[in-house]
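Only one structure is covered here, and it is reproduced in the block below.
Numbering (our numbering), first residue to last: 1 to 122.
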């Protein structure tokens with residue numbers, strides 16, 4: 001009698017585990033189809049998003065420019081998937097970069113680098 005009392009909960013567990021196992025098998029069987037659907041969706045080209053407007057240093061346009069960049073990055077995450085991929089287009093949109101270069105760039109930078117490579121002081 002005691003053995004039958006233990007046998008009943010065991011059978012209940014076996015039935016429950018078998019049912020769960022069948023459920024998992026059905027879910028696993030669906031994975032290749034879901035994977036194909038996701039790959040197809042990722043392979044589709046992103047909708048074109050225009051580049052942000054040039055930023056000329058006008059502080060009234062600062063947040064507009066920043067938000068346009070954020071929008072571009074969010075709409076095309078495959079193209080802008082790293083900080084490095086984001087920095088280049090942002091820098092290219094800075095109209096005042098040539099003006100900064102005139103003020104802050106060392107005009108003798110190339111000659112100094114060549115002299116340093118040759119081991120002599122400029």
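From the three backbone atoms N, C-alpha and C, an ideal C-beta is built for every residue, glycine too.
Open item on the list: Just to confirm before moving on: does the CB-CB distance between residue 92 and residue 85 stay below 8 Å?
Closed with: One-based indexing of the chain shown puts residue 92 at position 92. One-based indexing of the chain shown puts residue 85 at position 85. Not in contact: residue 92 and residue 85 (Cβ atoms no closer than 8 Å).
Task: Cβ neighbour criterion (16 or more within 10 Å) applied to residue 19 - done: On the chain shown, residue 19 is found 19 positions in, with the first residue counted as 1. Exposed.
Task: Option nearest residue 53 by Cα separation, candidates 27, 81, 89 and 23 - done: Along the chain shown, one-based indexing puts residue 53 at 53. The shortest C-alpha separation from residue 53 is found at 89.
Task: residue 94, DSSP secondary structure in three states - done: Numbered from its first residue, the chain shown carries residue 94 at position 94. If DSSP states are grouped into helix, strand and coil, residue 94 belongs with the strands.
Open item on the list: Counting C-beta neighbours from all protein chains within 10 Å, is the total for residue 1 16 or more, i.e. buried, or is it exposed?
Closed with: Taking the first residue of the chain shown as position 1, residue 1 is located at position 1. Summary for residue 1: the model assigns pLDDT 49, below 50, so the residue's position carries little reliability, and this model does not support an answer.
Task: Within 8 Å, strictly: CB atoms of residue 55 and residue 65 - done: The count along the chain shown starts at 1 and reaches residue 55 at position 55. The count along the chain shown starts at 1 and reaches residue 65 at position 65. Result yes, Cβ atoms of residue 55 and residue 65 sit closer than 8 Å.
TODO: Please state if the CB of residue 51 and the CB of residue 72 are separated by a distance shorter than 8 Å.
DONE: Taking the chain shown and counting its residues from 1, the one referred to as residue 72 is at position 72. Taking the chain shown and counting its residues from 1, the one referred to as residue 51 is at position 51. Result yes, Cβ atoms of residue 72 and residue 51 sit closer than 8 Å.
Task: Bridge partners - residue 55, DSSP secondary structure assignment - done: Translated into the one-based positions of the chain shown, residue 55 becomes position 55. In the DSSP output, where bridge partners are listed per residue, residue 55 has 94.
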